[in-house]
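First comes the structure, then the notes that go with it.
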Ligand SMILES: [Fe+2]
Ligand SMILES: [Fe+2]
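Protein chains in written order, with full-length UniProt numbering: chain A, 1 to 103; chain B, 1 to 172.
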């Protein structure tokens, strides 16, 4: 397993042997297939962080995130969501870098 | 490190996002044409209604075509959420002018994906969209022709009935 990218709170790993990815969320390590990773990326990028600063749109400033077909459930605060967004953007840009390195 | 991401997905992830957005646009177009069909039916333009029912179906086919491509490429195709479909139009001319504007915005959005695919070197997405680029030329042309026909016929007297009948020429 190889670390691909780290943000402040989380680390993103790739396992060549298992052909999958891992995200270390601190309290839990989650295994993701590529499809599940795409789904997570979609979910996280759909979260409007602006809503967290609006008392009516997001009263408590938390997001409930169900991962991998509801296998995992996370409750993340504003800073953690921002960090997770960064982690995924970082991981996906690393894919691009490694791809262009292969060409 | 293996490139598992590339092995799993044949297109660029940014293109996948744009294609998902296009799926939404085609679904929106389909729903808009359905609303136009409803308006035509309620206002006595029965051939016009038939025309828009058919357009609505075609837009859904476009949507499915993109949906399938995203799936085939190993991507995450998203079932679209659509809202904000207008149902109010002031006249048959208003309907077709709106339809033309809608087609033009779809054309722009497709061109935008082609340009992005080209920039990223995503040849699969670029080639896939060739069909859509040409289809949009036809779609815009159809609606422009109908607007010309409406202008030539005029809406005075029995003009509106003649217009409705003539729309049949664009239903194949
Ligand atoms: Fe279309
Ligand atoms: Fe169209």
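We put the beta carbon where it would ideally sit given N, CA and C, even for glycine.
Predicted model, so just to flag it, every value in this text is computed and none were measured.
Chain B contacts from the segment 18-42 of chain A (Cβ-Cβ distance under 9 Å): 19, 20, 21, 33, 34, 35, 37, 38, 39, 41 and 42
Touching by the beta-carbon criterion (3+ pairs, under 8 Å), the segment 79-93 of chain B and the segment 23-34 of chain B: yes
By C-beta, the residues closer than 6 Å to any heavy atom of ligand 1, given in chain order: 26(B), 29(B), 59(B), 62(B) and 106(B)
Residue environment, residue 103(A), which counts as buried when at least 16 other CB atoms sit within 10 Å: As a working note, residue 103(A) is residue 103 in the first chain. Low per-residue confidence applies at residue 103(A): pLDDT is 48, beneath 50, and the placement is therefore not dependable enough to give any value.
Closer than 7 Å to chain D by CB, residue 76(B): Given the protein chain composition of this structure (A and B), no chain D is represented.
Residue 66(A) - partner residues in DSSP beta bridges: For this step, residue 66(A) is matched to residue 66 along the first chain. Partner(s): 73(A).
Cβ shell of residue 116(B) (< 7 Å), same chain only, five flanking positions each side left out: Position 116 of the second chain, counting from 1, holds the residue named residue 116(B). Taken in chain order, the residues that qualify are 14, 15 and 18.
Cβ neighbour criterion (16 or more within 10 Å) applied to residue 106(B): Position 106 of the second chain, counted from the start, is the residue given in the question as residue 106(B). Residue 106(B) should be labelled buried.
Residue range of the beta strand (DSSP E) that includes residue 11(A): Numbered from its first residue, the first chain carries residue 11(A) at position 11. Note, residue 11(A): beta strand (DSSP E), 11-15.
Any 3 or more C-beta pairs closer than 8 Å across the segment 83-98 of chain B and the segment 142-158 of chain B: yes
6 Å Cβ shell around residue 87(B) - same chain, five flanking residues per side excluded: Along the second chain, read from residue 1 onward, the residue named residue 87(B) stands at position 87. Closer than 6 Å at the Cβ level, and outside the excluded window around residue 87(B), lie 35.
Assumed close pair residue 40(B), residue 49(B) - CB separation to whole angstroms, cut-off 8 Å: Start at 1 with the first residue of the second chain, and residue 40(B) comes out as number 40. Start at 1 with the first residue of the second chain, and residue 49(B) comes out as number 49. Rounded, the Cβ-Cβ distance is 4 Å, consistent with contact.
Meets three-Cβ-pair contact criterion under 8 Å: the segment 44-62 of chain B and the segment 88-97 of chain A: no
Below-7 Å beta-carbon distance, residue 95(A) vs any chain B residue: Within the first chain, numbered from 1, the residue matching residue 95(A) stands at position 95. By this cut-off, residue 95(A) is an interface position.
Start-to-end residues for the alpha helix (DSSP H) that takes in residue 96(B): Start at 1 with the first residue of the second chain, and residue 96(B) comes out as number 96. Run containing residue 96(B): 92-120, per the alpha helix (DSSP H) assignment.
Pair within 7 Å by beta-carbon distance, residue 8(B) and residue 74(B): Working through the second chain from its first residue, we reach residue 8(B) at position 8. Working through the second chain from its first residue, we reach residue 74(B) at position 74. In this structure, residue 74(B) lies closer than 7 Å to residue 8(B) by Cβ.
Boundaries of the alpha helix (DSSP H) in which residue 144(B) is found, first to last residue: Counting from 1 along the second chain, the entry for residue 144(B) is found at position 144. First-last of the alpha helix (DSSP H) with residue 144(B): 123-153.
contact_flag[the segment 63-83 of chain A, the segment 29-41 of chain A] where n(CB pairs < 8 Å) is 3 or more: yes
Closer than 6 Å: residue 96(A) CB and nearest ligand 2 heavy atom: Locating residue 96(A) in the first chain gives position 96, where the first residue counts as 1. Residue 96(A) Cβ: outside cutoff for every heavy atom of ligand 2.
Beta-carbon neighbours of residue 8(B), restricted to chain A and to distances below 7 Å: By 1-based counting over the second chain, the position of residue 8(B) is 8. Under the 7 Å cutoff, chain A gives 34.
Residue 103(B) beta carbon near ligand 4 (any heavy atom closer than 6 Å): Ligands displayed in this structure: ligand 1 and ligand 2; ligand 4 is not among them.
Proximity of residue 56(B) and residue 89(B) at Cβ, strictly below 7 Å: On the second chain, position 56 is the one that residue 56(B) refers to. On the second chain, position 89 is the one that residue 89(B) refers to. For residue 56(B) and residue 89(B), no; Cβs fall outside 7 Å.
Per-residue DSSP class, three states only, for residue 2(A): For the purposes of this step, residue 2(A) is taken as residue 2 along the first chain, with counting starting at 1. The answer is strand: DSSP assigns residue 2(A) an E or B state.
Residue 156(B) CB to nearest heavy atom of ligand 2 below 6 Å: The residue you call residue 156(B) lines up with position 156 of the second chain. Flag unset: Cβ of residue 156(B) not near ligand 2.
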